[in-house]
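Novice: Quick one: structure below, then a few questions.
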Amino acid sequence: MHKALIIFYFCGHYKKAIKKLIMAEYNFREIEQKWQHNWKEKGTFKAAVDQKRPKFYSLDMFPYPSGAGLHVGHPLGYIASDIVSRFKLLKGFNVLHPMGYDSFGLPAEQYAIQTGQHPALTTEQNISRYTEQLKNIGFAFDWDREVRTSDPAYYKWTQWIFMQLFSSYYDLEADKALSISSLVARFEQEGNGQVKAVCDEHTPAFTAAQWKAFSTNEQQQLLLHYRLTFLAETTVNWCGALGTVLSNDEVKDGFSERGGHPVERKKMMQWSMRITAYADRLLKGLDQLAWSEPIKEMQRNWIGKSIGAEVVFAVKGSNQKIQVFTTRVDTIYGVTYLALAPESDLATELITDSERTTAEAYIQQAKNRSERDRMSDVKTISGAFTGSYAINPFNGEEIPVWIADYVLAGYGTGAVMAVPAHDERDYNFATHFGLEIRQVIEGSMENGSFPGKGGIVINSGNLTGLTMKEAMNTCIAFLEEQGIGRGKVQYRMRDAIFTRQRYWGEPLPVYFKDGLPYLIEEKDLPLVLPEVDKYLPTEDGAPPLGRAKDWTYTTETGTYPLELSTMPGWAGSSWYFFRYMDPSNTNSFADKDKTDYWGAVDLYIGGSEHATGHLLYSRFWTKFLYDIGAVSIDEPFQKMINQGMIQGRSNFVYRIKGSNTFVSLGLKDNHDTSAMHVDVNIVHNDQLNLEKFKAWRPDLANAEFILEDGKYHCGAEVEKMSKSKYNVVNPDDIIERYGADTLRLYEMFLGPLEQFKPWNTNGIDGVYKFLRKLWNLYHPQNGAFVVSDLPANKEELKALHKAIKKMEEDMANFSFNTSVSSFMICVNELTSLGCNKREVLEPLAILVSPYAPHIAEELWALLGHSDSITKASFPEFQEAHLVESNFEYPVMINGKLRAKLDLPLTLTVPEIEKAALADAQVQKWLEGKAPKKVIIVPGKIVNLVV
RNA sequence: GCCGGGAUGGUGGAAUAGGUAGACACGCAAGACUUAAAAUCUUGUGGCCAUCUGGCCGUGCGGGUUCGAUUCCCGCUCCUGGUACCA
2 MHKALIIFYF CGHYKKAIKK LIMAEYNFRE IEQKWQHNWK EKGTFKAAVD
52 QKRPKFYSLD MFPYPSGAGL HVGHPLGYIA SDIVSRFKLL KGFNVLHPMG
102 YDSFGLPAEQ YAIQTGQHPA LTTEQNISRY TEQLKNIGFA FDWDREVRTS
152 DPAYYKWTQW IFMQLFSSYY DLEADKALSI SSLVARFEQE GNGQVKAVCD
202 EHTPAFTAAQ WKAFSTNEQQ QLLLHYRLTF LAETTVNWCG ALGTVLSNDE
252 VKDGFSERGG HPVERKKMMQ WSMRITAYAD RLLKGLDQLA WSEPIKEMQR
302 NWIGKSIGAE VVFAVKGSNQ KIQVFTTRVD TIYGVTYLAL APESDLATEL
352 ITDSERTTAE AYIQQAKNRS ERDRMSDVKT ISGAFTGSYA INPFNGEEIP
402 VWIADYVLAG YGTGAVMAVP AHDERDYNFA THFGLEIRQV IEGSMENGSF
452 PGKGGIVINS GNLTGLTMKE AMNTCIAFLE EQGIGRGKVQ YRMRDAIFTR
502 QRYWGEPLPV YFKDGLPYLI EEKDLPLVLP EVDKYLPTED GAPPLGRAKD
552 WTYTTETGTY PLELSTMPGW AGSSWYFFRY MDPSNTNSFA DKDKTDYWGA
602 VDLYIGGSEH ATGHLLYSRF WTKFLYDIGA VSIDEPFQKM INQGMIQGRS
652 NFVYRIKGSN TFVSLGLKDN HDTSAMHVDV NIVHNDQLNL EKFKAWRPDL
702 ANAEFILEDG KYHCGAEVEK MSKSKYNVVN PDDIIERYGA DTLRLYEMFL
752 GPLEQFKPWN TNGIDGVYKF LRKLWNLYHP QNGAFVVSDL PANKEELKAL
802 HKAIKKMEED MANFSFNTSV SSFMICVNEL TSLGCNKREV LEPLAILVSP
852 YAPHIAEELW ALLGHSDSIT KASFPEFQEA HLVESNFEYP VMINGKLRAK
902 LDLPLTLTVP EIEKAALADA QVQKWLEGKA PKKVIIVPGK IVNLVV
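Positions 2 to 947 (this note's numbering) are the ones given, in order, by the first sequence.
Here it is in structure tokens:
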């Protein structure tokens, strides 16, 4: 080509020559721009309700628009969902495939604190960058449906949902959320004695008369015990450096997930969401979801349901009672001590004078140890005796009460009945302090404690001889009869804290009157985030909204202060999938007709790191919206795929210490070198581009090299993608060099979607070559487009239909990488067959269009179609083209492949056997002996045993 | 500790209702074209042995079931994700 170019250049015809070359070659730049423009102009991916077609809702977890821009890992999931969406379009589905931004969040606010720039501004800039990057990849998104959680038109409805939660309580009889007004009506009728509702632990009982006699303030105070979102004093994770409260899943090992600042436990007045009311439904709902088992398991563990019993122990010589939760009430006769959490008030109260010095010192020591220390130091056993004794209600025995830091204040009742014989921790504790170990389940104690869940109860009064289940039922019946306990279900999951002391979030639609919270009126939504002079807490420690002027709300009775905290990051993302269905509605969060039509998300793709946060909160809000009749589904995401993270692959160069000379990887051990990260963008196939390296930094301009075979080989390591490791790869660079279609194909070709894998561009040339081969199939003669209308022959149709079959199977399994190979095989075969028949090339273009949409559209247009290829139908697979008449049987003798035999598939087993035994190779191996055993699987294998 | 997922050539990976291990691609090597390089094309490429026909070994390690095991079972090792004293 280049030679031709040079000749034309000298002839003065170079302009014409260049034009001809461009026409002839696969020019991805021109093609991709053309079609991206065309899709936008024609609104190709605009979705609308259409009752005549089946719907398919394909959703990606929307990104937080960070300042670093989109890196090569982001599009992985988007490409996969885009392929599925385009495939479903070809299959005749009405596809909803939207994209938007989770645009409230900490980084923009931290940046605002540092620079004084309004977070809205930086967020806007970041979104523009993301949008541009995404558009360059050619996704089939309906951009008209874009949502942004920080847009007042959007968060108006986040606030609205909050108001519905505030106005609801969870009724256990109806097993759903009901309105607070219906609860008030019941209180007026009969008090709360008969009301079975999810409420705070210490909710007092009252009669209808008492209720009516309460002041408004008292009534409001009581209702907070029932509301699904409520204000209460809670122990929270307080991060001083960030100046805010964090949820459990935002804290990692005692440090904030974002920023890595230390986090402490602190009691504060906070808004919470009563997600525990939905614990059981969240658990049960998992069964019907097509999610990966590990993710479901993570949610189950997070919810942490334990079925057991609550037992009340009296304290000897005192009115105090100790309440414990146990899952093994059947082992009650094996209890030899009780253990209390050091934080519990009861522990302090039960200390007797004789033990005061040691016990109080222990409590102090336990409190001083950070949560982190206590967690990491599992091996050390510590505790202190209170001096008090409790009475076992089953046998009246006196048992010592201890304080132990293995008991957590935050779970159950903060008190444990210890059964050393059948619980490992209790066993270790009892052994350490010389406490009694009493076996009550049949079995051997040789290896220490054992749970003995299948064994028979022994040494246990009237429980002796029963199974675990029988004993438990007997115990619970006794406890309930005596009024000293009951069967109880305990959850590990806590209510979710719903406030952050930050600026860049949704304001809560709440004002305070006499210190009690009230909702603002619906007509005043959205409550727009006010302007502030600084994004920092006020002088007296109030959240940034405390700086706003006139942050008040006026009603008929007066003007009141508004809530200063804002909602957490997960608020806006807990319902965005509904907003996409009707993004510009101003009368409701989404029209019911539309949410009914689009229903649940049919395919949700995103990272597994959201397993216990976003995915749980979204399910919770969806169930709530279902309860109040706002939507008709109670599970938002039917099918979910978790794509693996793309890790960075760093490259290294080796500098001889104290010099500016760099040694190639294979020779570095001959010198005293130190490794240095080098920008992966100036390395190709692990070979360093020396010129670019010299230009990379001023101090490297004079760098010298010791090469291997004239090349500099770099070292490599897999690490997280990060700026400081110079291993961040932007999709932009790849698109610039190879085009979006190559990027899309390559990200899929890299390996299974769900697998974690390092990014490398080592194989990218292969898929780029594939696209050029594909293009050349349609341009066989000197780059001119030529397609024949002659009928395709058998081989050509076989090559095509193999690919059709494979793609359909792969689509069902989300195995995108193997589809790319099957396209390669198909194109390779058609190339060697010299096929340019329309009958084959038309379906082929459709086949690859979900993966490489730009080139496919261009070929489709060249084939003479005026409509987008997305309006075409997926080619129908015909088995007939794959039917073979012969099969090459592998003949194995004693399990080893010894010969191959090409035989008609119509042969029967005896015929195959006859043919196999007649074969010269086979006879050589049989050495004249008759086989002992003959195994023949028609169409598969022949195996002879000698 | 507990609960998941995984380990296949120089590299990414393919093949599991048990049936020819290494598809497809990268890399590498040789050749063609070129003054040359790049690009392109052709051929070869798991390891060891052999002059060839070919043989032996081989899917993390050790056993087992089977005519036949990457696939199933038992026991380990290592990597990785989640979770963490949950009573």
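C-beta atoms are modelled at their ideal positions from N, C-alpha and C, and glycine is treated no differently.
Would you mind reading off the limits of the beta strand (DSSP E) that contains Y890?
Specialist: Against the first sequence, residue 890 aligns to sequence position 889. In the DSSP assignment, Y890 falls within the beta strand (DSSP E) that extends over 887-894.
Novice: Suppose the cutoff is 6 Å on Cβ atoms and the five residues either side in sequence are ignored; what does the same chain contact list for Y627 look like?
Specialist: For this step, residue 627 is matched to residue 626 along the first sequence. Only D635 meet the Cβ criterion.
Novice: Tell me, please, whether the segment 742-752 touches the segment 76-87 by the rule of three or more beta-carbon pairs shorter than 8 Å.
Specialist: yes
Novice: Rounded to whole angstroms, what's the CA-CA distance from G940 to C836? Just pull it up for me.
Specialist: Along the first sequence, one-based indexing puts residue 940 at 939. Along the first sequence, one-based indexing puts residue 836 at 835. Approximately 30 Å between the Cα atoms of the pair.
Novice: Please classify F757 as buried or exposed, where buried requires at least 16 neighbouring CB atoms within 10 angstroms.
Specialist: The residue you call residue 757 lines up with position 756 of the first sequence. Classification of F757: exposed, given that the 10 Å Cβ count is below 16.
Novice: Okay, do the segment 264-281 and the segment 497-511 touch, 3+ Cβ pairs below 8 Å being the bar?
Specialist: yes
Novice: Between the C-alpha atoms of N396 and K322, what's the straight-line distance to the nearest angstrom?
Specialist: On the first sequence, position 395 is the one that residue 396 refers to. On the first sequence, position 321 is the one that residue 322 refers to. About 17 Å.
Novice: Whole angstroms are fine: how far does the CA of A813 sit from the CA of K35?
Specialist: For the purposes of this step, residue 35 is identified with residue 34 of the first sequence, where counting begins at 1. For the purposes of this step, residue 813 is identified with residue 812 of the first sequence, where counting begins at 1. A813 has its alpha-carbon roughly 32 Å from the corresponding atom of K35.
Novice: Does the distance from the C-beta atom of W599 to that of Y171 stay below 7 Å?
Specialist: One-based indexing of the first sequence puts residue 599 at position 598. One-based indexing of the first sequence puts residue 171 at position 170. No, they are not a contact pair.
Novice: Would you mind working out which of H866, A800, N895, S816 sits nearest E885, comparing C-alpha positions?
Specialist: Residue 885 sits at position 884 when you count from the first residue of the first sequence. Of H866, A800, N895, S816, the residue nearest in Cα terms is A800.
Novice: Expressed to the nearest angstrom, what Euclidean distance is found between the alpha-carbon atoms of D597 and V50?
Specialist: Your numbering for residue 597 matches position 596 in the first sequence. Your numbering for residue 50 matches position 49 in the first sequence. Whole-angstrom Cα-Cα distance: 10 Å.
Novice: Rounded to whole angstroms, what's the CA-CA distance from T909 to I937? Just pull it up for me.
Specialist: Within the first sequence, residue 909 is the residue found at index 908, counting from 1. Within the first sequence, residue 937 is the residue found at index 936, counting from 1. Computed Cα separation, rounded: 10 Å.
Novice: Roughly how many whole angstroms lie between the Cα atoms of A81 and Y852?
Specialist: Taking the first residue of the first sequence as 1, we reach residue 81 at position 80. Taking the first residue of the first sequence as 1, we reach residue 852 at position 851. Spanning the two alpha carbons is a distance of roughly 9 Å.
Novice: Taking the C-alpha atoms as reference points, what is the distance between P544 and H855?
Specialist: Numbered from 1 along the first sequence, position 543 holds the residue referred to as residue 544. Numbered from 1 along the first sequence, position 854 holds the residue referred to as residue 855. Cα-Cα distance, rounded: 50 Å.
Novice: Report the residue from P120, F621, S345 whose alpha carbon sits nearest the alpha carbon of A416.
Specialist: Residue numbering aside, residue 416 sits at position 415 when the first sequence is read from its first letter. Out of P120, F621, S345, S345 has the C-alpha closest to the C-alpha of A416.
Novice: Would DSSP call S833 helix, strand or coil?
Specialist: Position 832 of the first sequence, counted from the first residue, corresponds to residue 833. Three-state DSSP puts S833 in a helix.
Novice: Per DSSP, what kind of secondary structure is H72 in: helix, strand or coil?
Specialist: Residue 72 sits at position 71 when you count from the first residue of the first sequence. Note: H72 maps to coil in three-state DSSP.
Novice: Where does N320 fall in DSSP's three states?
Specialist: Mapped onto the first sequence, residue 320 falls at position 319. Looking at N320 - three-state DSSP - the assignment turns out to be coil, as it is neither helix nor strand.
Novice: Sort N463, V420, V458, A478 by Cα distance to S450 and report the nearest one.
Specialist: Within the first sequence, residue 450 is the residue found at index 449, counting from 1. Comparing Cα positions, the closest option is V420.
Novice: Go through the segment 516-586 residue by residue and report every complete run of the beta strand (DSSP E) that reaches 3 residues or more, in order.
Specialist: 517-520, 553-556, 559-562
Novice: Taking N661 and N728 to be in contact with their CB atoms under 8 Å, please state how far apart those CB atoms are, rounded to whole angstroms.
Specialist: To locate residue 661, count along the first sequence from 1; it is residue 660. To locate residue 728, count along the first sequence from 1; it is residue 727. In fact, because the Cβ distance is near 23 Å, the residues do not count as touching under 8 Å.
Novice: Where does H672 sit, in a helix, a strand or coil, going by DSSP?
Specialist: On the first sequence, residue 672 is found 671 positions in, with the first residue counted as 1. In the structure shown, H672 sits in coil (DSSP, three-state: anything other than H, G, I, E or B).
Novice: What does M274 pair with, by DSSP beta-bridge criteria?
Specialist: In the first sequence, the residue the question calls residue 274 occupies position 273. According to DSSP, which records beta bridges pairwise, M274 is partnered with T230, A497.
Novice: Can you find the residues in the same chain that come closer than 7 Å, C-beta to C-beta, to E399, ignoring five residues on each side of it along the sequence?
Specialist: Taking the first residue of the first sequence as 1, we reach residue 399 at position 398. K317, Y390, I392.
Novice: Roughly how many angstroms lie between the CA atoms of I181 and Q37, to the nearest whole one?
Specialist: As a working mapping, residue 181 is identified with position 180 in the first sequence. As a working mapping, residue 37 is identified with position 36 in the first sequence. Approximately 51 Å, taken between the alpha carbons.
Novice: Identify the continuous alpha helix (DSSP H) that holds T432 and give its terminal residues.
Specialist: Position 431 of the first sequence holds residue 432. Element bounds for T432: 425-434.
Novice: Would you report the Cα separation of M473 and M641, rounded to the nearest angstrom?
Specialist: Translated into positions along the first sequence, residue 473 becomes position 472. Translated into positions along the first sequence, residue 641 becomes position 640. Cα to Cα, the separation comes out at about 39 Å.
Novice: Helix, strand or coil: how does DSSP classify T204 here?
Specialist: On the first sequence, position 203 is the one that residue 204 refers to. It is coil, neither helix nor strand.
Novice: Per DSSP, which residues does V679 bridge with? Please list them.
Specialist: Translated into positions along the first sequence, residue 679 becomes position 678. Paired residue(s): N652.
Novice: Going along the chain, which unbroken runs of the beta strand (DSSP E) with 3 or more residues stay wholly within the segment 38-94?
Specialist: 56-61
Novice: Looking at C-alpha atoms only, which residue of F513, Y536, S575 is the closest neighbour of T558?
Specialist: Stepping through the first sequence from its first residue, residue 558 is reached at position 557. The residue with the shortest Cα to Cα distance from T558 is F513.
Novice: Name the residue from N671, N690, Y581 whose alpha carbon lies nearest to the alpha carbon of D680.
Specialist: Taking the first sequence and counting its residues from 1, the one referred to as residue 680 is at position 679. Cα-wise, what sits closest to D680 is N690.
Novice: Mind checking E110: buried by the 16 CB within 10 Å criterion, or exposed?
Specialist: Position 109 of the first sequence, counted from the start, is the residue given in the question as residue 110. Under this definition E110 is a buried residue.
Novice: Tell me the DSSP secondary structure of F625 in three-state form.
Specialist: Taking the first sequence and counting its residues from 1, one reaches residue 625 at position 624. Three-state result, F625: helix.
Novice: Decide if I23 is buried, meaning its Cβ has at least 16 other Cβ atoms within 10 Å, or exposed.
Specialist: Against the first sequence, residue 23 aligns to sequence position 22. Confidence at I23 is low in this model, with a pLDDT of 39, below 50, so its placement is unreliable and the value that follows should be read with caution. I23 comes out exposed.
Novice: Ordered along the chain, which non-local residues of its own chain (more than five positions away) have a Cβ less than 8 Å from that of W552?
Specialist: Stepping through the first sequence from its first residue, residue 552 is reached at position 551. So the list reads P531, L546, P562, L563, L565, once near-sequence residues are dropped.
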